[in-house]
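K.L.:
Protein chains in written order, with the numbering used here: chain A, 1 to 336; chain B, 337 to 672.
For each residue, glycine too, the CB sits at the ideal point set by N, CA and C.
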DNA sequence: GTGAAAGCGCTAACAC
DNA sequence: GTGTTAGCGCTTTCAC
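1) Would the stretch 576 to 585 of chain B count as touching the stretch 520 to 533 of chain B if we require 3 or more Cβ pairs under 8 Å?
2) Could you tell me which chain B residues have their CB closer than 8 Å to the CB of residue 316 (chain A), listed as they occur along the chain?
3) Return the residue from the list B:362, B:379 and B:364 that minimises the CA-CA distance to residue 350 (chain B).
4) Helix or strand or just coil, what does DSSP make of residue 127 (chain A)?
5) Within 10 Å of its beta-carbon, does residue 668 (chain B) have 16 or more other beta-carbons around it, so buried, or fewer, so exposed?
6) Report the residues of the stretch 39 to 62 of chain A with a CB closer than 8 Å to any CB of chain B, ordered along the chain.
7) Applying the 10 Å Cβ sphere with the 16-neighbour rule, what's the burial state of residue 119 (chain A)?
8) Where are the alpha helix (DSSP H) runs, 4 residues long or more, that stay fully inside the stretch 145 to 184 of chain A, in chain order?
9) Which of the three DSSP states is assigned to residue 548 (chain B) in this structure?
10) Determine, using beta carbons only, whether residue 136 (chain A) and residue 158 (chain A) come nearer to each other than 9 Å.
11) Can you say whether residue 183 (chain A) is buried or exposed, counting buried as having 16 or more other CB atoms within 10 angstroms of its CB?
12) Taking only beta-carbon positions, decide if residue 337 (chain B) is within less than 9 Å of chain A.
13) Between which two residues does the beta strand (DSSP E) holding residue 296 (chain A) run?
14) Run through the DSSP bridge pairs and tell me what residue 94 (chain A) is partnered with.
15) Flag residue 590 (chain B) as yes if its beta-carbon sits less than 9 Å from any beta-carbon of chain A, otherwise no.
16) Less than 9 Å between the C-beta atoms of residue 169 (chain A) and residue 205 (chain A), yes or no?
17) Here's the rule: buried if 16 or more other CB atoms are within 10 angstroms of the residue's CB, otherwise exposed. What is residue 337 (chain A)?
18) Taking contact to mean at least 3 C-beta pairs separated by less than 8 Å, is the stretch 59 to 72 of chain A in contact with the stretch 82 to 96 of chain A?
19) Answer yes or no: does any C-beta atom of chain B fall closer than 9 Å to that of residue 64 (chain A)?
20) With DSSP as the reference, identify every bridge partner of residue 570 (chain B), one or two as the case may be.
21) For residue 624 (chain B), decide whether its Cβ has a neighbour in chain A, counting only Cβ atoms nearer than 9 Å.
22) State buried or exposed for residue 355 (chain B), treating a residue as buried only when at least 16 other CB atoms are found within 10 Å of its CB.
23) Quick one: Cα of residue 171 (chain A) to Cα of residue 329 (chain A), how far?
24) Which residue or residues does DSSP assign as beta-bridge partners of residue 376 (chain B)?
25) Spell out the partners DSSP gives residue 191 (chain A) in its beta bridges.
26) Could you have a look at residue 197 (chain A) and say whether DSSP puts it in helix, strand or coil?
27) Does the stretch 272 to 289 of chain A touch the stretch 596 to 603 of chain B, meaning 3 or more C-beta pairs lie closer than 8 Å?
28) Kindly indicate which residue of B:662, B:363, B:434 and B:672 has the alpha-carbon position closest to the one of residue 488 (chain B).
29) For residue 450 (chain B), would you say it is in contact with chain A, using Cβ-to-Cβ distances shorter than 9 Å as the test?
30) Can you tell me which of A:225, A:186 and A:138 puts its alpha carbon nearest to the alpha carbon of residue 213 (chain A)?
31) State yes or no: is the C-beta of residue 229 (chain A) within less than 9 Å of the C-beta of residue 335 (chain A)?
32) Buried or exposed, going by whether 16 or more other CB atoms sit within 10 Å of the CB of residue 76 (chain A)?
33) Would you report the Cα separation of residue 337 (chain B) and residue 389 (chain B), rounded to the nearest angstrom?
34) Looking only at its chain, what residues have a beta carbon closer than 6 Å to the beta carbon of residue 163 (chain A), apart from the 5 residues adjacent to it on each side?
35) With distances taken between CB atoms, is the gap from residue 284 (chain A) to residue 620 (chain B) smaller than 9 Å?
As structure tokens, this is what we get:
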């Protein structure tokens with residue numbers, strides 16, 4: 001920062017004291033109009049900007065939010081980030097990003113890295129490994145140190161903090177009912193998120209919808225996928241073992257797109273022979289052939305609401321913790 | 337930051353001076369071993385972390401990089417970000433993200449927002465609007481204020497700074513030659529990036545490859561797409577006007593995937609009747625049916641190299657500006 | 001109407 | 001071996 005202009009420099013050049021310059025820049029009534037004008041002119045010329053670090057130190061607030069994202073290559077999280085950035089900007093907050101890459105250790109490091117006064121609080125979605133191994137004390141530590149956390153999407157009821165989620169149960173419940181109403185007889189669920197709470201909720205929505213309906217009650221068919229390598233083989237085998245399958249609901253879009261691919265390969269006509277519903281609104285849904293019907297999580301709103309919630313918390317540390325639920329909706333495209 | 341522990345608190349509680357505590361935490365040879373142990377024990381108990389803002393102020397460096405990304409929903413940029421985050425982390429740097437959303441105004445605001453001592457330097461890719469309207473003085477201003485900039489992918493020769501790019505010309509040149517070698521006779525280019533320098537370079541690579549070859553010299557066929565709405569109609573019309581088309585090269589993967597979709601709709605068999613090559617390695621390429629052959633930009637390496645370059649610059653402000661070229665490679669999948 | 005001084009949390013040169 | 005002090009850039013209270 002070689003050429004950074006400071007109040008001191010301006011003061012010296014104008015033959016004024018630092019405090020006068022500071023006040024002038026704030027249009028203080030104490031300062032002579034002419035002086036104000038002089039100061040402002042030079043400040044502009046020198047591109048003066050109050051140093052943020054100094055302000056943070058002085059005010060004990062950074063106006064910065066720490067964001068920890070499990071996977072930036074996931075469209076959902078990118079879209080949440082878009083919402084976070086937009087809303088943070090509107091409120092004069094900056095965002096510092098850390099990526100946990102779904103690892104507990106990286107999540108922990110990120111939390112520690114930023115809890116050195118870098119940020120005023122956190123917005124995060126829990127790493128897959130953290131959730132499957134049921135870690136949570138690191139969150140508690142951070143909260144105890146005075147950093148509020150807002151969790152979104154992947155949350156845990158072990159931690160008392162603000163949360164922003166969708167109703168995963170309702171989302172798949174409604175989607176399953178949609179397939180039932182279409183007259184689909186054999187509806188399968190492909191889940192790649194079994195280790196996550198949201199994955200369990202999504203499975204529950206599917207189950208409940210079938211259970212509510214006598215003719216489907218005993219026709220539950222769930223395929224769990226645990227690794228990237230499994231997608232294609234697991235889905236192929238689903239098709240082979242269930243020739244009469246005519247409806248597929250998935251908990252993510254890679255599963256849905258892969259199901260679509262397998263359906264093509266096996267000569268099914270979509271949506272005539274089989275309907276497919278994905279989860280999350282991303283580019284793939286629109287570009288696949290045929291385009292994919294999906295459950296939209298309104299990711300942008302999740303991000304936006306998370307920032308709102310964190311800022312509210314920052315302004316009122318003692319309010320009760322809230323869990324806000326963002327609506328989902330089914331976007332009908334060509335696979336149903 | 338209610339409970340943040342400071343040196344002052346520790347000093348008071350231990351009946352020591354602030355500087356003794358500070359030195360003890362740094363294992364200073366001046367300090368008695370026992371004291372060091374006492375200090376460290378309490379520091380640990382109280383989760384003491386030196387305040388980053390205070391350090392920044394003291395050292396005149398933030399150990400933070402400002403990153404300005406045109407579009408976070410673009411897989412390429414997300415992947416670059418992954419590389420940036422990883423390399424920054426390794427070097428104990430944090431990253432603050434701003435999104436320009438391809439708007440000049442937002443890019444300008446982001447630059448101004450962060451040039452208040454929030455960051456030590458910038459890594460950015462130029463917003464589409466900035467490039468099409470040929471703005472560049474805002475970059476100059478920032479550099480003059482002492483903030484080094486590393487530009488990646490979308491760069492401009494109007495600004496003297498470090499750059500990290502791929503050889504766009506060579507990438508399409510090679511890809512086109514690959515199609516020629518396959519015996520494809522009528523090869524079209526679909527470009528959605530005509531307003532960007534990289535788009536022009538990519539078109540040049542295609543043109544040059546055809547020109548080098550007498551039987552292709554006069555068979556250049558370029559479709560320019562200027563808006564999202566155009567993709568499907570423009571590509572449909574390309575197919576209709578050129579029934580003998582048997583090879584398609586694109587400058588992005590939305591074009592390629594759309595071309596694939598149109599080919600399906602029109603009853604072409606891919607890759608038998610027509611070959612398609614996309615640009616950028618993303619999820620769509622692997623998930624489309626058939627999976628898409630693409631030019632991989634090695635986005636992760638671009639991000640990594642950008643951070644390396646910026647850190648070198650920060651350590652040696654007077655070195656000559658460099659432009660580093662990251663290799664591309666053609667990933668052969670099922671559409672060729 | 002302007003300026004001096006204290007303090008945010010930290011480090012480091014310099015006492016003692 | 002430990003403590004005092006100055007200063008990073010800023011705001012704000014309190015003099016003058």
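P.N.:
Reading from the atomic positions:
1) yes
2) Counted from its first residue, the first chain places residue 316 (chain A) at position 316. Under the 8 Å cutoff, chain B gives no residues; its nearest Cβ is about 13 Å from residue 316 (chain A).
3) Working through the second chain from its first residue, we reach residue 350 (chain B) at position 14. That would be B:379, whose Cα lies nearest to the Cα of residue 350 (chain B).
4) Working through the first chain from its first residue, we reach residue 127 (chain A) at position 127. Coil, per DSSP.
5) To locate residue 668 (chain B), count along the second chain from 1; it is residue 332. By the 10 Å Cβ count, residue 668 (chain B) comes out exposed.
6) 47, 49, 50, 51, 52, 53, 54, 56, 57, 60, 61 and 62
7) Taking the first chain and counting its residues from 1, the one referred to as residue 119 (chain A) is at position 119. The residue is buried, with at least 16 neighbouring Cβ atoms inside 10 Å.
8) Taking only runs of at least 4 residues, the alpha helix (DSSP H) segments lying wholly in the stretch 145 to 184 of chain A are 168 to 181.
9) Along the second chain, read from residue 1 onward, the residue named residue 548 (chain B) stands at position 212. Looking at residue 548 (chain B) - three-state DSSP - the assignment turns out to be coil, as it is neither helix nor strand.
10) Position 136 of the first chain, counting from 1, holds the residue named residue 136 (chain A). Position 158 of the first chain, counting from 1, holds the residue named residue 158 (chain A). For residue 136 (chain A) and residue 158 (chain A), yes; Cβs fall inside 9 Å.
11) Here residue 183 (chain A) refers to the residue found at position 183 of the first chain. Exposed, since its Cβ has fewer than 16 Cβ neighbours within 10 Å.
12) Along the second chain, read from residue 1 onward, the residue named residue 337 (chain B) stands at position 1. Here the model assigns residue 337 (chain B) a pLDDT of 44, short of 50, so the residue's position is not dependable and the matter cannot be decided.
13) Here residue 296 (chain A) refers to the residue found at position 296 when the first chain is read from its first residue. Looking at the DSSP string, the run of the beta strand (DSSP E) that includes residue 296 (chain A) is 293 to 296.
14) Here residue 94 (chain A) is taken as the residue at index 94 of the first chain, counted from 1. Residue 94 (chain A) is bridged to A:64.
15) Locating residue 590 (chain B) in the second chain gives position 254, counting from the first residue. Yes, residue 590 (chain B) counts as interfacial toward chain A.
16) For this step, residue 169 (chain A) is matched to residue 169 along the first chain. For this step, residue 205 (chain A) is matched to residue 205 along the first chain. In contact: residue 169 (chain A) and residue 205 (chain A) (Cβ atoms closer than 9 Å).
17) Within the shown structure, residues of chain A are numbered from 1 to 336, placing residue 337 (chain A) beyond reach of any answer.
18) yes
19) Taking the first chain and counting its residues from 1, the one referred to as residue 64 (chain A) is at position 64. At least one chain B Cβ lies under 9 Å of residue 64 (chain A).
20) Here residue 570 (chain B) refers to the residue found at position 234 when the second chain is read from its first residue. Bridge partners of residue 570 (chain B): none, in fact.
21) Residue mapping note: residue 624 (chain B) aligns to position 288 of the second chain, counting from 1. With 9 Å as the cut-off, residue 624 (chain B) counts as an interface residue toward chain A.
22) Here residue 355 (chain B) corresponds to residue number 19 of the second chain, with the count starting at 1. It counts as exposed.
23) Taking the first residue of the first chain as position 1, residue 171 (chain A) is located at position 171. Taking the first residue of the first chain as position 1, residue 329 (chain A) is located at position 329. Taking the straight line joining both Cα atoms gives about 7 Å.
24) In the second chain, the residue the question calls residue 376 (chain B) occupies position 40. Paired residues: none, contrary to the question.
25) To locate residue 191 (chain A), count along the first chain from 1; it is residue 191. For residue 191 (chain A), which the question treats as bridged, DSSP gives the partners A:224.
26) Here the question's residue 197 (chain A) lines up with position 197 in the first chain. In the structure shown, residue 197 (chain A) sits in a helix (DSSP, three-state: H, G or I).
27) yes
28) On the second chain, position 152 is the one that residue 488 (chain B) refers to. Closest by alpha carbon: B:662.
29) The sequence position of residue 450 (chain B) within the second chain is 114, counting from 1. True, the Cβ-Cβ gap to chain A drops below 9 Å.
30) The sequence position of residue 213 (chain A) within the first chain is 213, counting from 1. Comparing Cα-Cα distances from residue 213 (chain A) to each of A:225, A:186 and A:138, the minimum goes to A:186.
31) Your numbering for residue 229 (chain A) matches position 229 in the first chain. Your numbering for residue 335 (chain A) matches position 335 in the first chain. Their beta carbons are not under 9 Å apart, which means residue 229 (chain A) does not touch residue 335 (chain A) by this criterion.
32) For this step, residue 76 (chain A) is matched to residue 76 along the first chain. Answer is buried; the Cβ neighbour count reaches 16.
33) For this step, residue 337 (chain B) is matched to residue 1 along the second chain. For this step, residue 389 (chain B) is matched to residue 53 along the second chain. The predicted position of residue 337 (chain B) is uncertain, since its pLDDT is 44 and thus under 50; a value taken from the coordinates is nonetheless stated next. If you draw a straight line from the Cα of residue 337 (chain B) to the Cα of residue 389 (chain B), it is about 13 Å long.
34) The residue given as residue 163 (chain A) occupies position 163 in the first chain. Excluding the 5 residues flanking it on each side, residue 163 (chain A) has same chain C-beta neighbours closer than 6 Å at 151, 155 and 323, in chain order.
35) Numbered from 1 along the first chain, position 284 holds the residue referred to as residue 284 (chain A). Numbered from 1 along the second chain, position 284 holds the residue referred to as residue 620 (chain B). The answer is yes: Cβ separation under 9 Å.
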